[in-house]
Amino acid sequence: MVYVMSDIHGNEEKFDNLLMQIDLKESDTLYILGDIVDRGPRPIEILKRVMQMDNVKMLLGNHEHMMLQSYFLQCKPEEKTLCAERWKRNGCEVTIAGLNKQTMADKKRIYEYVKNLPLNLEIEVESKRYLLVHGFPEELFGVRESRFTDKTFFTVWERITKDDVMPEGKTVIFGHTSTDNYQECTPPKIWYGNNMIGIDCGGGYGGSGRISCLCLNTMQEFYA
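Mind the numbering: the sequence shown is residues 0 to 223 in numbering that gives the first Met the number 0, read in order.
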């Protein structure tokens, strides 16, 4: 079976709940569409677990990108303060605390893993083509009007709207933007648009927000 999940944001209890619900096997594949880190209590613990799971594949999210820029100093020197302030506004404290507890060797492993995460992945399940993204399809950079002039920023930060036209011949599955922006539903649930599926159900914001998981073989939905 093939599953997709996104925007876990340090919620290890909910992550484990979903893994138990889907009964993830070695023969299954789970795709996490970014944003494991920040906000929730155990982001680095989840990230290190995912790094060890051969059947779990991850995309770069905007929160991992902020971590790369600020903690691992992958930004221009003149933008260091700007990057740090942006990350602080987005719940970095628990991620920094978790990273500070790691050995230098583990920090290096985390850095190497995250910096090599793909922006998008294209897969086929049950003869259907899917494009997995965190924020927006990379191939639409320079096509879709955006305030972002950098491809990585565009892909992890730009937000899909109901009116966006996705690449032909595939369904885009995305996180990043909570589905309550597309439909009125409490608690939030997975949103199905025109050749696009939103799976960020607001789990990183508390309240009624949930983490969702979708099985692409059966389209069964799971929530925690």
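By construction, the Cβ of each residue, glycine as well, lies at the ideal position given by its N, Cα and C atoms.
Using a 10 angstroms sphere on the CB of residue 63, the tally of other CB atoms reaches 16 or more, which defines it as buried. Straight-line measurement puts the Cα of residue 90 at about 10 Å from the Cα of residue 203. Going by beta carbons, residue 61 and residue 155 fall inside the 8 Å limit. Across the structure, residue 144 and residue 181 are spaced so that their CA atoms are roughly 20 Å apart. Beta-bridge pairing by DSSP links residue 48 to no other residue.
Counting of Cβ neighbours within 10 angstroms places residue 146 among the exposed residues, the total staying below 16. Under a 10 Å Cβ-count criterion, residue 223 is classified as buried, with 16 or more other Cβ atoms of the shown protein chains found around its own Cβ.
Look at residue 183 here: in three-state DSSP terms it is coil, with no helix or strand label. The continuous beta strand (DSSP E) containing residue 132 extends over residues 127–132. The shortest C-alpha to C-alpha distance from residue 38 to any of 199, 30, 92 is the one to 92.
Across the set 153, 138, 114, the C-alpha of 114 shows the shortest separation from the C-alpha of residue 50. In this structure, 128 is the residue among 128, 53, 57 with its C-alpha nearest to the C-alpha of residue 168.
Between residue 5 and residue 45 the beta-carbon gap is near 13 Å, outside 8 Å, which marks them as no contact.
In the DSSP assignment, the residues bridged to residue 55 are 29. Counting only the Cα atoms, residue 117 lies some 15 Å from residue 29. In the displayed model, residue 213 falls within a strand according to three-state DSSP. For residue 112, there is no enclosing beta strand (DSSP E); the enclosing alpha helix (DSSP H) covers residues 103–114. In the three-state reduction of the DSSP assignment, residue 176 falls in the coil class. Residue 170 carries a strand assignment under DSSP once its states are collapsed to helix, strand and coil. Taking C-beta atoms under 8 Å as the contact rule, residue 33 and residue 174 qualify, at a distance of about 6 Å.
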